[in-house]
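First the structure, in the form of structure tokens, and then the observations on it.
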Amino acid sequence: LFAICASVYWVGFINVFSAMVVLGRKAFTQLNKMTVRRVQLCVWTPALLIAILCLVFDVIRPSGAWCFIGSDYGVLRLLVLYVSVLLVFFMSVGLGTLSLKHIRGLSTSGVFTRMPVPMLTQAHMLLCSVAYVIVWLPVALQRVLEFSEKMRYGSDYEYSNATLSALSRITCNSRGILDYLAYVGLRWLGRQRGKRANRNRVKTQSSLESRPKTLV
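Counting with UniProt numbering, you get residues 1 to 216 for the letters of the sequence shown.
As structure tokens, this is what we get:
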């Protein structure tokens, strides 16, 4: 029951604020710091309670570098640390894509006068979620396969997959590199868009100045 509640929490409530931003038309204009702090409080208070419950139920064991829940609690480890985390970031990617489209719609309607700033910010948030999915997917897949094999052959069965193990180590050690590449790529894209916008502005201004003036 605890594992199910924790998984539902991580999958659902972390993305409520993102969904409100995506679906609300006036969310970008009415958002203030107090609202953000309240949402953060509502999100991280249950997270703290879940961490305290882990201590109360005494499920923390020395179980390796990738998790803190002992191997005796396989279902809890799988749901809380791997499956739910992946679902959260998959939902973040989907909501980030919708939010990016929403910002583009606001830019075309004239709400934003300087489009590259919110566009690049949202794109960077989206790419960070994509990078986390890339990093965490091999580790989670390895844990799922390990759990299924132990359920099939018994808890004493030693599961090993050299390919997934190597891929997990590579992806986990490359998280910072992926974030850096996303940041540099988006900054370069923003400069290119800014230069293109300036060229279009200059062309428009020159074409207006070249038109013959009519006397009234």
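Don't be surprised by glycine CBs; every beta carbon is placed ideally from N, CA and C. Remember, predicted model here, so these are calculated numbers, not experimental data.
- A check of alpha carbon separations from residue 166 across 137, 179, 94, 178 identifies 137 as the nearest.
- In this structure, the straight-line span from the alpha carbon of residue 186 to that of residue 123 is close to 8 angstroms.
- DSSP places residue 173 inside the alpha helix (DSSP H), whose first and last residues are 162-173.
- The beta carbon of residue 142 is closer than 8 angstroms to those of 161, 164, 165, 168 in its chain, skipping five residues each way along the sequence.
- In chain order, 143, 144, 147 place their CB closer than 7 angstroms to the CB of residue 78, counting only its own chain and leaving out the 5 sequence neighbours on each side.
- Between the alpha carbons of residue 171 and residue 207 lies a gap of roughly 52 angstroms.
- Leaving aside the five residues that flank residue 96 on each side, the residues in its chain whose CB is nearer than 7 angstroms to its CB run, in chain order, 122, 125, 126, 129.
- If you compare the alpha carbons of 150, 101, 177 with that of residue 134, the shortest gap goes to 177.
- With 16 or more other CB atoms across the displayed protein chains lying within 10 angstroms of its CB, residue 132 is buried.
- In terms of Cα proximity to residue 83, the closest of 182, 180, 140 is 140.
- Within 10 angstroms of the beta-carbon of residue 85 lie 16 or more other beta-carbons, which makes it buried.
- Note on residue 181: under 16 other CB atoms within 10 angstroms of its CB, so exposed under the neighbour-count rule.
- With a threshold of 16 other beta carbon atoms within 10 Å, residue 76 meets it and is buried.
- Sequence-distant partners of residue 202 (beyond 5 residues in either direction) whose C-beta falls short of 8 angstroms from its own C-beta are missing from its chain.
- In this model, residue 89 and residue 184 are separated by some 22 angstroms (Cα to Cα).
- Cβ-Cβ distances below 8 angstroms link residue 93 to 126, 129, 130, 133 in the same chain, with the five nearest sequence neighbours on each side left out; the list follows chain order.
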